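Numbering (this note's numbering), first residue to last: 25 to 461.
A virtual CB, placed ideally from N, CA and C, is assigned to each residue, including glycine.
Given the structure is predicted, the values throughout are model-derived calculations rather than measurements.
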């Protein structure tokens, strides 16, 4: 397979982006940095907006969600919003409050819980980093400070049980989420030292006093960085391809495109993996409120805003399942995406995805204009599939929508496998979506 240098460079940029984004908080921070470096103005949700035609702006929500937009033209009632949506979160193992577990003269472990639906056994025996958000005291109890933390070193491991003690392990063994997924940090010679407790560790990383730490949201993550692999360098092997690859492609498309119609919007929701029913999730009024505020700031009335929604289009971008080389029977008989054969349009008769013949036809024409191949995905009729942000967003916004994504293998494993060409192709389709007239 012929992999071009531009495709390879873009794939490596994705790998770097993912490695800088071990949690949704870090993802939003990296996106904010990229937007600011490209001349976008950050707005405050509680502030007064004075938007201008030609302006480029973004807002953050919960430090884990982003909405960035370019006002290409003010006639939104005619040309509407062109929206690409994705999500910042991935399946993970998170720390519980008061996570310290220690047995004198034995081990120091951290109590964990599962976020979303990871393939749990892929997390075992890997060096794990730890990162997240820390909330700190401030002058106002209602407005505490926040700080991001990333220990940037392998700090924990979840060890497997030896085969000699678990002879049936290769037949498939269910892991107990409470007892078998605690993270090992250290060997103890006596009592747990104060310096090893979580707040002490965090204060050392943040140069803050332990008593100033109010709370924290910490996740474990695979410390090893992703890489380009395959005989001809055609694959991307990395954690969190689902869904940071779509965040990266969408943000880069917004930065690189030169749209002239309506408002180009890139939204990065959080909490898709747990149902999106949070203030920063797709099942919230967050995006609708921001779009309406754009209309208000452009001196548009309520009817103008509603007209704008009916002139809009939304691309819900989340990853798709590729045909598995060792388990081809798991795929549908006629809708079998293959890695590096182009973006995938996802369809479901039971409305797990928002694609219909109209919205799929729109995206097909976008791909054709971008000179990008596209593929189709449908679940086996006897296999219920997962859903994504598209149908959830549709419950909040009356906007035509299509569900698309790059095909990957091992979705929700700690290490997923995607295509170098696919990532560049879907990016090109996003750029064309923002630019096409």
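Classify residue i as buried or exposed, calling it buried when 16 or more other Cβ atoms lie within 10 Å of its own Cβ.
i	result
residue 427	buried
residue 166	exposed
residue 152	buried
residue 197	exposed
residue 358	exposed
residue 219	exposed
residue 351	exposed
residue 422	exposed
residue 296	buried
residue 385	exposed
residue 35	buried
residue 66	exposed
residue 440	buried
residue 354	exposed
residue 382	exposed
residue 157	buried
residue 193	exposed
residue 287	buried
residue 4	The chain is shown from 25 up to 461; residue 4 falls before or after that span and cannot be answered.
Leaving aside the five residues before and after residue i along the sequence, list all residues of the same chain whose C-beta is less than 8 Å from its C-beta, in chain order.
i	result
residue 129	212, 213 and 214
residue 420	306, 307, 308, 309, 311 and 312
residue 205	117, 136, 138, 144, 147, 182 and 199
Among the options, whose alpha-carbon lies nearest the alpha-carbon of residue i?
i	options	result
residue 210	281, 228 and 132	132
residue 254	223, 444, 312 and 278	444
residue 182	360, 283, 246 and 193	246
residue 170	86, 394, 219 and 208	86
residue 460	76, 284 and 385	284
residue 398	409, 221 and 369	369
residue 52	286, 386 and 271	271
residue 117	145, 97 and 388	145
residue 207	409, 147 and 363	147
residue 159	94, 239 and 121	239
residue 121	104, 77 and 243	243
residue 435	119, 141 and 107	141
residue 337	363, 179, 458 and 119	458
residue 411	113, 57, 268 and 299	299
residue 451	29, 156 and 108	108
residue 266	437, 89, 84 and 454	437
residue 40	95, 261 and 375	261
residue 114	104, 101, 99 and 88	88
residue 96	273, 80 and 84	80
residue 48	62, 77, 99 and 110	110
With respect to 8 Å, is the separation between the Cβ of residue i and the closest non-hydrogen atom of the ligand MG below this value?
i	result
residue 98	No copy of the ligand MG appears in this structure; indeed no ligand is present at all.
Suppose the cutoff is 7 Å on Cβ atoms and the five residues either side in sequence are ignored; what does the same chain contact list for residue i look like?
i	result
residue 229	173 and 175
residue 227	233, 234 and 237
residue 126	132, 212 and 216
residue 162	168 and 169
For residue i, collect the residues of the same chain with a Cβ closer than 6 Å to its Cβ; drop the 5 residues on either side in sequence, then sort them by chain order.
i	result
residue 188	none
residue 462	The structure shown does not extend to residue 462, since the chain is modelled only from 25 through 461, so no value can be given for it.
residue 43	249
residue 431	344, 346, 361, 363 and 368
residue 456	390, 393 and 394
Under a CB-based cut-off of 9 Å, is residue i close to chain C?
i	result
residue 37	In the structure shown, chain C cannot be found, because there is only a single protein chain.
| message | Restricting to runs no shorter than 3 residues, where is the beta strand (DSSP E) found entirely within the stretch 138-185? | response | 152-160 and 169-174
- [ ] Pick out the complete alpha helix (DSSP H) segments inside the stretch 235-282, 4 residues or longer, and give them in chain order.
- [x] 265-280
Check whether the stretch 313-320 touches the stretch 398-416, taking contact to mean three or more Cβ pairs, one atom from each stretch, closer than 8 Å.
-> Output reads no: the stretch 398-416 does not touch the stretch 313-320.
Counting Cβ pairs closer than 8 Å, one from the stretch 340-347 and one from the stretch 362-380, do we hit at least three? yes
task: Could you tell me whether the stretch 68-79 touches the stretch 285-304, where touching means 3 or more Cβ pairs closer than 8 Å?
output: The stretch 68-79 is not in contact with the stretch 285-304.
| message | Within 8 Å, do at least three Cβ pairs link the stretch 327-336 to the stretch 385-401? | response | no
**OP:** Within the stretch 407-446, note down every full alpha helix (DSSP H) run reaching 4 residues or more, in order along the chain.
**Re:** 413-418
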